[in-house]
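These protein sequences, in sequence, are chains A and B. For the first sequence, this note's numbering assigns the number 44 to the initial residue and increments by one for each residue that follows. For the second sequence, this note's numbering assigns the number 51 to the initial residue and increments by one for each residue that follows. We put the beta carbon where it would ideally sit given N, CA and C, even for glycine. One structure is given below, encoded as C-alpha cells.
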Amino acid sequence: MVNVKHPVGPRLIRNIIMVSTFFSIFATAVQLYSDYKGEAYLMNIRLDQIKASSLESLTLNLWQNNEKLINIQLKSLLSFPDITYAAIEEDGSESYAFGENLEKDSIGKRYPLVYMYRNKEYNLGTLHLQAGLGQIRERIEDKFYIIAVTQSIKTFIVAFIMLYIFSQMVTRHLNEISQYAKVMSYDKQDEVLQLDKEVQEDEIDLLVDSLNSLHRKMRIKLSQSEQTNIDLDHINSILQKRIDLHKDSSETIFVLKDHAQDIIKMIKIMNEDISHNFDPEAIKQDLEALNILVQRTFS
Amino acid sequence: MRSLLLLLLSSVWVMAETMYINTPFRGELHNEVKPLIVELFKREGYILELQKLPPKRGLINANKGVDDGDGPRVKEVSKKFSNLRRVDVPIIQISFHAHYKGKSINITKWEDLKPYNVGVRTGTLVMVNNVKRINPKEMTYALNNEKLFELLEKDKVDVVIAERISAKGMKEKMNLMHINQSPALIRKNMYLFFNKKHSAKIGKFEKTLLKMKEEGYQKRLKNFYETGKSAW
C-alpha cells in the first residue's frame with residue numbers, strides 16, 4: 044500500500060455519501076410530501092364516504108328530532124380513522140357535537156342535511172366532520188424515520204462497496220503503476236508493466252500502455268544518447284591528441300622563430316662588423332657564432 | 051263580464067288557500083279533535099292539511115314558517131318557540147299521567163318520580179319540563195308513545211309519562227292493560243298556534259273558536275275526554 048497524503052478512496056466515499064444524502068433527502072421530501080397529499084386526498088374521500096353512508100339516516104333522525112340516535116350516530120362517526128370531530132349545526136349553532144374541534148389542524152367538511160318535505164328541499168342543518176391532520180403527520184413522521192434509517196444504511200453500504208470496487212478497479216492498479224514508475228529505469232530493459240486485471244483494454248490499460256510505450260521510447264533514447272556519448276568521447280580524445288600535437292608544433296615554430304631572430308640579429312651584427320672594420324678574425328668568430336646558431340636551429 | 055269572472059276566480063283562489071298545521075296528537079285523541087279543527091279552518095275559508103310530524107319537528111317547522119301552525123299545544127310552547135302566536139281559546143283540556151307496572155310504585159305528584167327511570171316523549175314540553183324539574187334518577191326519551199310503552203314493557207324504564215287517551219289507546223293496541231295509571235299529574239288547556247306571519251288571522255280564529263264553543267264543540271270534546279265516548 045502506498046502512503047499518500049490525500050487518498051482518493053476516502054474522498055470518494057465522502058463525496059458519494061454527501062451527494063447520495065442530498066438526493067436521498069430531496070427524494071424523501073418529495074415522497075413524503077406526495078404521501079401527505081395522498082393521505083389528505085384519501086381523507087377527503089373518506090369524509091365523503093362517511094357522508095354517503097350516514098347523511099341520509101342523520102337527516103331523518105334530525106327531522107324526527109331523535110336526539111338519542113343522532114348522538115349515537117355522531118359518536119360512531121368518531122370511530123372512523125382520523126375523524127376527530129362530528130357535529131350538527133342548526134341555525135348557525137351547534138346542536139350536537141362530539142370530539143375535539145381542531146379548526147386549523149384538520150380537514151373539515153360541511154354537508155347540508157337536506158330533507159324533502161312537501162316536494163321541496165328543506166335544509167335542516169349541516170353535518171360538520173373534521174379529520175385531524177395530526178395522525179396523518181404522525182404516520183408521515185414514522186415513515187420519514189424509516190426512510191431516513193434505510194436510506195442512510197443503504198448509502199453507507201453502497202459507499203463502502205463502491206470504495207471496495209474502486210479500490211479493486213482503480214486504486215490498486217494506480218498504486219502498482221506508481222510503484223512501477225518509481226523503480227522504472229534504463230537498466231531494467233526487459234521489465235514491462237503488466238496488471239492483474241480481469242477486464243482488458245480499459246482506461247487503466249491505456250495508461251499502462253502509454254507508460255510502457257514511454258518506457259520503451261525512453262530506453263531507446265537513452266541507448267541512443269549513450270552511443271552518442273561514446274562517439275563524443277572518442278572524438279574528444281582524437282581532438283585532444285590533435286590539440287596536443289598542434290601545441291608541440293607551435294612551440295617548435297616559436298623556438299625556431301626565436302632562433303631565426305637570433306640568426307637575423309647575428310647577420311646584422313656581421314654586416315655591421317664588415318662595413319665598419321673588416322676584421323677577419325672578428326668575421327671568423329661571427330661566422331662560428333652564426334654556425335652555432337644555425338646548427339641549434341636545425342638540430 | 052271578463053273582470054267579474056276574474057274576480058270570481060281570484061275569490062275562489064283566496065278561499066282555497068291551504069294551511070299546513072302540525073299536530074302532536076295521535077290515535078283516538080287525534081280522531082276526536084280533528085273534526086273541530088277542520089271545522090274551524092273550514093269556517094275561516096282555508097283548506098286544512100293536518101300533518102302528523104314528529105312533535106318537536108312540528109313545532110320547529112311552524113316556528114320557522116315552513117308550516118303555518120301547530121296544535122293543540124300547551125300555551126308554554128311560545129316561550130321556547132318565539133315565532134309562534136297562540137289562538138287564545140282552548141280547544142281541549144287534557145291530563146298527563148304516570149304509567150307503570152306493578153303495585154310497588156305509587157305516584158300522585160311529579161316529585162314521586164324522583165327515584166325512578168322516567169320515560170317521556172320528545173317534544174312534549176309539559177312532560178319533559180316537569181320531569182326535568184324534579185331531576186329523576188334517570189330520564190329516557192322516546193320518539194312516540196309506542197316506543198315509550200315498549201320501553202316500559204321491556205323494563206327499560208320504571209315509569210312513563212303520557213297523556214291519558216293516547217296512553218289508553220296504546221295500551222289497548224299493545225295489549226298492555228296490566229299497566230297502571232296514576233292520578234293526573236297535571237291538566238293542561240291545549241291551544242292552536244300560528245306562525246307569526248299569520249298573526250293577523252288570529253283574531254278571526256279566536257272569534258270563530260268562541261262561536262264554536264258556544265255551539266258546544268269544546269263541550270263535546272270534554273265529554274269525550276271524561277267518558278271516552280266519541281264526541282261526534
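*In this structure, does DSSP put residue 155(A) in helix, strand or coil?*
Note: residue 155(A) maps to strand in three-state DSSP.
_Beta-carbon contacts of residue 288(A) that lie in its chain and below 8 Å, excluding the five residues immediately before and after_ = Answer for residue 288(A): no residue qualifies.
*Simplified DSSP state of residue 93(B), which is helix, strand or coil*: helix
*Please decide whether residue 104(B) counts as near chain A, where near means a Cβ-Cβ distance under 8 Å.*
yes
*Taking Cβ positions only, does residue 264(B) come closer than 8 Å to chain A?*
no
*When you compare only the Cα positions, how much space is there between residue 160(A) and residue 80(B)?*
22 Å
*asked:* Please confirm whether residue 63(B) has its beta-carbon closer than 8 Å to some beta-carbon of chain A.
replied: Bear in mind that the predicted position of residue 63(B) carries a pLDDT of just 49, short of 50, making it unreliable; the figure below should be weighed with that in mind. It does not: the Cβ of residue 63(B) has no partner Cβ on chain A nearer than 8 Å.
_Which residue wins for smallest C-alpha separation from residue 47(A), given the options 221(A), 167(A) and 152(A)?_
221(A)
*Any beta-carbon of chain B closer than 8 Å to the one on residue 87(A)?*
Taking Cβ atoms only, chain B never reaches closer than 8 Å to residue 87(A), which makes this a no.
_My output table needs one value for residue 172(A): the three-state DSSP class, helix, strand or coil._
strand
_Secondary structure of residue 294(B), DSSP reduced to three states_ = Outside the displayed span of chain B (51 to 282) sits residue 294(B), for which this structure offers no information.
*Quick one, which of 116(A), 180(A) and 252(A) has its alpha-carbon nearest residue 142(A)'s?*
116(A)
_Cross-chain neighbours of residue 116(B) in chain A, by beta carbon under 8 Å_ = Neighbourhood of residue 116(B) in chain A, by CB distance below 8 Å: 160 and 165, in chain order.
*So which of 209(B), 91(B), 224(B) and 205(B) has the shortest CA-CA distance to residue 161(B)?*
Residue 161(B) has its Cα closest to that of 209(B), out of 209(B), 91(B), 224(B) and 205(B).
*Run through the region 161 to 231 of chain B for me and flag every whole beta strand (DSSP E) of 3 or more residues, listed as ranges in chain order.*
DSSP runs (the beta strand (DSSP E)) wholly in the region 161 to 231 of chain B: 167 to 171, 188 to 192 and 209 to 213.
*chain B beta carbons: is any one of them nearer than 8 Å to that of residue 108(A)?*
yes
*asked:* Within 8 Å, do at least three Cβ pairs link the region 194 to 206 of chain A to the region 53 to 60 of chain A?
replied: yes
*Listing by chain order, which chain A residues have their CB less than 8 Å from the CB of residue 191(B)?*
110 and 111
*asked:* With distance defined between alpha-carbon atoms, name the residue in 262(B), 163(B), 282(B) and 245(B) nearest to residue 118(B).
replied: Here the closest residue by C-alpha is 245(B).
_Identified DSSP bridge partners for residue 120(B)_ = Looking at the DSSP output, residue 120(B) sits in a beta bridge with 72(B) and 243(B).
*asked:* Check for me: the alpha helix (DSSP H) holding residue 301(A) runs from which residue to which?
replied: 246 to 319
*Nearest to residue 255(B) (by Cα), restricted to the options 133(B), 240(B), 177(B) and 87(B)*: 87(B)
*asked:* Against chain A, does residue 173(B) count as a neighbour if the rule is that its beta carbon must be under 8 Å from one of theirs?
replied: Yes, contact with chain A.
*For residue 76(B), which residues in chain A fall below 9 Å Cβ to Cβ?*
Residues of chain A passing the Cβ test: none, with the nearest at roughly 14 Å.
*How would you call residue 310(A), buried or exposed, if buried means at least 16 neighbouring beta carbons within 10 angstroms?*
It counts as exposed.
*the region 78 to 108 of chain B: which residues have C-beta closer than 7 Å to a C-beta of chain A, in chain order?*
Cβ contacts with chain A come from 104, 106 and 107.
*Would you kindly check if the distance between the Cβ of residue 302(A) and the Cβ of residue 262(A) is under 8 Å?*
no
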